[in-house]
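First the structure, in the form of structure tokens, and then the observations on it.
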Amino acid sequence: MFKIALCALAVIPLAVIAHKRRVRFDPVAFVLACLFALFQAVGHSYEHYGTFRALFEVPSETALAVAALAAYVPCLYLALSLAFSWVDGASVRVAERIIAGERARFLSFWPTVGILLLAWLPYLVVFAPGSFTYDGIFQMDMWHGFAPPSDHHPWVMTALMGCVFDIGRSLGSDNLGVVLWVSAQSVVQAAVFSASIACMRRMGASTPVLAAALVFFAVVPAWGAYAQAFLKDTLFASLFCLYAMLLVELWMRARREEVLDVRSFAVVAAAGVALCLSRHNGAYVVALTAPLLVASMPRGMRVRTVCVCLVPLMVFMAVSRFVYPALGVVPSGKQEALGALFQQTARYVKEAPDEVSAAQRSAIDAVLDYDALSELYYGSRSDAVKATYTGDDEALGAYFAAWAQMGARHPGIYADAFLNGCYGYFYTDESWTHNTWDYRLYNYGSIPGIEDDFDVSYVFAEDVRGALIAWCNWWQNVPLLGLTGHCGLYAWLLLSAVGYTIRTMRWKTLFALAPSLILLLICCVSPVNGYLRYMLPIMAALPVQMWFCVAASAVRLGREPASASR
Numbered sequence: 031m032f033k034i035a036l037c038a039l040a041v042i043p044l045a046v047i048a049h050k051r052r053v054r055f056d057p058v059a060f061v062l063a064c065l066f067a068l069f070q071a072v073g074h075s076y077e078h079y080g081t082f083r084a085l086f087e088v089p090s091e092t093a094l095a096v097a098a099l100a101a102y103v104p105c106l107y108l109a110l111s112l113a114f115s116w117v118d119g120a121s122v123r124v125a126e127r128i129i130a131g132e133r134a135r136f137l138s139f140w141p142t143v144g145i146l147l148l149a150w151l152p153y154l155v156v157f158a159p160g161s162f163t164y165d166g167i168f169q170m171d172m173w174h175g176f177a178p179p180s181d182h183h184p185w186v187m188t189a190l191m192g193c194v195f196d197i198g199r200s201l202g203s204d205n206l207g208v209v210l211w212v213s214a215q216s217v218v219q220a221a222v223f224s225a226s227i228a229c230m231r232r233m234g235a236s237t238p239v240l241a242a243a244l245v246f247f248a249v250v251p252a253w254g255a256y257a258q259a260f261l262k263d264t265l266f267a268s269l270f271c272l273y274a275m276l277l278v279e280l281w282m283r284a285r286r287e288e289v290l291d292v293r294s295f296a297v298v299a300a301a302g303v304a305l306c307l308s309r310h311n312g313a314y315v316v317a318l319t320a321p322l323l324v325a326s327m328p329r330g331m332r333v334r335t336v337c338v339c340l341v342p343l344m345v346f347m348a349v350s351r352f353v354y355p356a357l358g359v360v361p362s363g364k365q366e367a368l369g370a371l372f373q374q375t376a377r378y379v380k381e382a383p384d385e386v387s388a389a390q391r392s393a394i395d396a397v398l399d400y401d402a403l404s405e406l407y408y409g410s411r412s413d414a415v416k417a418t419y420t421g422d423d424e425a426l427g428a429y430f431a432a433w434a435q436m437g438a439r440h441p442g443i444y445a446d447a448f449l450n451g452c453y454g455y456f457y458t459d460e461s462w463t464h465n466t467w468d469y470r471l472y473n474y475g476s477i478p479g480i481e482d483d484f485d486v487s488y489v490f491a492e493d494v495r496g497a498l499i500a501w502c503n504w505w506q507n508v509p510l511l512g513l514t515g516h517c518g519l520y521a522w523l524l525l526s527a528v529g530y531t532i533r534t535m536r537w538k539t540l541f542a543l544a545p546s547l548i549l550l551l552i553c554c555v556s557p558v559n560g561y562l563r564y565m566l567p568i569m570a571a572l573p574v575q576m577w578f579c580v581a582a583s584a585v586r587l588g589r590e591p592a593s594a595s596r
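Residues in the sequence shown are numbered consecutively from 31, following the numbering used here.
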């Protein structure tokens, strides 16, 4: 209610400013404002009732939805219209500044790296040697033979983490192994973020914009928290940001007609390979971004751009199909990609068990544990349901047929199951259930059913760590500021950037936002709803991607922002 009241109060001042600046009606801003308001109403309904039906059946939810639409739509429409108008003007100023040979005065690469590491130092010290997370432990279990090797977590990443961990282990300390990995990924993360800020500077960002990006990376708790976590996701987020930045730089250099040698394309291809091998989602990002990237490049560079996109995918396929089997690494199960469908089936079985035919039940039971589905179903997490997968891939055909029949009969149940599993990625509310458990500020301990011999423990006492956790929890719950720890803020910033790109009719430049859009779509069918860990790569890349929209808009105006740097 606080944000609804705040938005209602802000409408008149925003309207006055828009009138003074003669801002015209903006259909893109209006559509975005309506979508945002709708998702806030839907999100609140799912948070409290687990269904969209509450919007129509519960009077208080209906009233809240009406209030949200009445307050959010005009406020956000005016705010977005003004923001888009500001970007229009900023793109002109950017072009003029760089054509004049000016660059914003700001810190160079290494001082920026130092500031970021210093800002994250409290997390690295207080949680030393680093939080030994569930996923990290499972990867080390596989690496050391306590569990069968699997590509559920990309084996290249498991091997890399294992080799670093083993350096410490060979010196007699598992703690040292964790410290080495955490230190390495922290330096990489700081270096990539510093490089992205430098890229923004080359694209004409002003000193205040660069400072805002630095403060974002330094102060928001997620970055320090994930820097200290023994986890694959921190490095993947850095590689994702690097890949997005290199795509932007490649396009900008092509636009200013620089000579791009083989090395320039090879660097992008290498980043693509690293992205694909560090997490399975990386292959989808590279593959689905490729058509937009190729179409956006000058004709004379498209063949080389195609190669840049194909090389990572070819390496990924070769490693997955030949190298892993040769090493005895088992591929990840199909249930990982079918979690959203399994959730729909489980919810149907829970809400309409009498309408499941014998044939449908048999088809489901061949793939999942039918009798357990009703009890195991939890709307925001699919792991429990997926865990009952029998592994019988040949039975999937009959299951898909049953799934389609049931969905046609009760599409509302399927809609509920899908939205209940992804609304958190678009819902912006500091009071939502997620807190610092999302930050991995804890040691998990041994995984049930797996006996290992790891000896990892925190250096500082629980009360010391608790003080920093309390700070993170406080940050999460501060109105507006706490949104930086929730997925919804970044989803809507990304969609606003997409809207601005569409508004300026720069369709080809959507390639720069495509990697984050693809990951956002993957988040919608991911195992956990509103999971900041899955949003981390998008958070990392957004500053450089959003500023690219400003620079690309300058190109649209006929003022090539990079031309003066030649």
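Glycine included, every Cβ here is placed at the ideal spot set by N, Cα and C.
For Val250, the secondary structure class from DSSP, reduced to helix, strand or coil, is coil. Between Gly160 and Val209, the C-beta gap is smaller than 9 Å, which places the two residues in contact. Distance from Thr264 to Tyr256 at the Cβ level is roughly 5 Å; contact confirmed, criterion being Cβ atoms closer than 8 Å. Taking a cut-off of 8 Å on C-beta distances, the stretch 230-246 touches the stretch 568-586, as three or more cross pairs fall below it. Within the stretch 88-176, the runs of alpha helix (DSSP H) that reach at least 4 residues and sit entirely inside it are, in chain order, 89-129, 139-156 and 164-173.
Using a 10 angstroms sphere on the CB of Leu94, the tally of other CB atoms reaches 16 or more, which defines it as buried. DSSP places Ser526 inside the alpha helix (DSSP H), whose first and last residues are Cys517 to Arg533. Judged by their CB atoms, Tyr520 and Ile568 are nearer to each other than the 9 Å cut-off.
In the three-state reduction of the DSSP assignment, Ser487 falls in the coil class.
By the criterion of a C-beta distance shorter than 6 Å, Pro557 is surrounded in its chain by Gly369, Ser412 and Asp413, once the five residues flanking it on both sides are discounted. DSSP places Phe260 in the strand class (E or B) of the three-state scheme. Between Phe260 and Ile477, the beta carbon gap of about 14 Å keeps them out of contact (Cβ cut-off 8 Å). With a 10 Å radius around the Cβ and a threshold of 16 neighbouring Cβ atoms, Asn507 comes out exposed.
A Cβ-Cβ contact shorter than 9 Å links Tyr453 with Glu77.
Taking Phe176 as the centre and dropping the five residues before and after it, the same chain places the C-beta of Ile480 and Asp482 closer than 6 Å to its C-beta, in chain order. Just so you know, the alpha carbons of Ser350 and Val217 end up roughly 29 Å apart. Under a 10 Å Cβ-count criterion, Thr237 is classified as exposed, with fewer than 16 other Cβ atoms of the shown protein chains found around its own Cβ. For Val494 and Asn473, the gap between their C-alpha atoms comes out near 15 Å. In the three-state reduction of the DSSP assignment, Ser410 falls in the coil class. With a 10 Å radius around the Cβ and a threshold of 16 neighbouring Cβ atoms, Leu510 comes out exposed.
About 6 Å separates the beta carbon of Val580 from that of Val117, a gap short enough to meet the 8 Å contact definition. By the CB criterion at 9 Å, His310 and Pro184 fall inside the cutoff. By the neighbour-count criterion, in which 16 or more other beta carbons inside 10 Å mark a residue as buried, Thr420 falls on the exposed side. The C-alpha of Gln435 is placed about 20 Å away from the C-alpha of Asp401.
Here the C-alpha atom of Tyr457 lies approximately 36 Å from the C-alpha atom of Pro141. Scanning its chain for C-beta atoms nearer than 7 Å, with the 5 sequence neighbours on each side dropped, one finds around Trp150 the residues Ser216, Trp253, Gly254 and Ala257, in chain order. Under the three-state reduction of DSSP output, Val41 falls in the helix class. In the DSSP annotation of this structure, the continuous segment of the alpha helix (DSSP H) that includes Cys553 starts and ends at Ala544 to Cys554. The count of Cβ pairs closer than 8 Å, one atom from the stretch 241-251 and one from the stretch 194-214, stays below three, leaving the stretches out of contact. In this structure Met187 is buried. Its beta-carbon is surrounded by 16 or more other beta-carbon atoms within 10 angstroms. Counted as a single uninterrupted DSSP element, the alpha helix (DSSP H) harbouring Met230 occupies residues Asp204 to Arg232. According to the DSSP assignment, Tyr469 belongs to no alpha helix (DSSP H), since it is labelled neither H nor E. The C-beta separation of Gly560 from Tyr429 comes to about 28 Å, leaving the pair out of contact by the 8 Å criterion.
Classified as exposed, Val489 has fewer than 16 neighbouring CB atoms from the shown chains inside 10 Å of its CB.
Our two residues, Leu323 and Cys37, have alpha carbons roughly 38 Å apart in a direct line. CA-CA distance, Phe346 to Pro355, rounds to 13 Å.
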